[in-house]
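Engineer:
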Amino acid sequence: EGMYEEPREILRECGVEVVEMEASREKSFCCGAGGGVKSLFPSLATSLAAKTLDMTAEKTIVTSCIFCTYQFKSVIRELKLDKNVLHIAELVLKSMC
55 EGMYEEPREI LRECGVEVVE MEASREKSFC CGAGGGVKSL FPSLATSLAA
105 KTLDMTAEKT IVTSCIFCTY QFKSVIRELK LDKNVLHIAE LVLKSMC
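Numbering (my numbering) for the sequence shown: 55 to 151.
#1: Please report the distance separating the alpha-carbon of Pro-61 from that of Ser-101.
#2: Please classify Val-116: does DSSP put it in a helix, a strand, or coil?
#3: Opposite Leu-140 in the DSSP bridges: which residues?
#4: So, are the CB atoms of Phe-126 and Leu-145 less than 8 Å apart?
#5: How is the alpha helix (DSSP H) around Arg-62 delimited, first residue to last?
#6: How many angstroms separate the CA atom of Glu-63 from the CA atom of Tyr-124?
#7: On the three-pair Cβ rule with 8 Å, is the stretch 74-85 touching the stretch 104-119?
#8: Distance check for Cys-68 and Gly-56, CA to CA, integer angstroms please.
#9: Would Ala-99 be called buried (16 or more neighbouring beta carbons within 10 Å of its own) or exposed?
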């Protein structure tokens, strides 16, 4: 069982409108950073992350996975995408300031 609602509750408490991606919760898939994919198959990892980022028109993506945060930031930089990624802890910190 995944933990799906708790991070969304945190986002709402921070005043964020949660917009679900096309594939979310139990239908989501790996960003390409997990399981050694990025190390062994870097182009596949980039492709997986780019596909995930393309699933939303939103400019800011928030994730609770540090590997996804790193992977998405890396791919956004590499492909020069007009998107931003925050780890949920970064968002919580920003909402407190």
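Quick reminder that beta carbons are idealized off the backbone N, C-alpha and C, glycines included.
Structural biologist: Here's the rundown:
#1: 26 Å
#2: strand
#3: Val-116
#4: Pairing Phe-126 with Leu-145 gives a Cβ-Cβ distance that is not under 8 Å.
#5: 59-67
#6: 23 Å
#7: yes
#8: 22 Å
#9: buried
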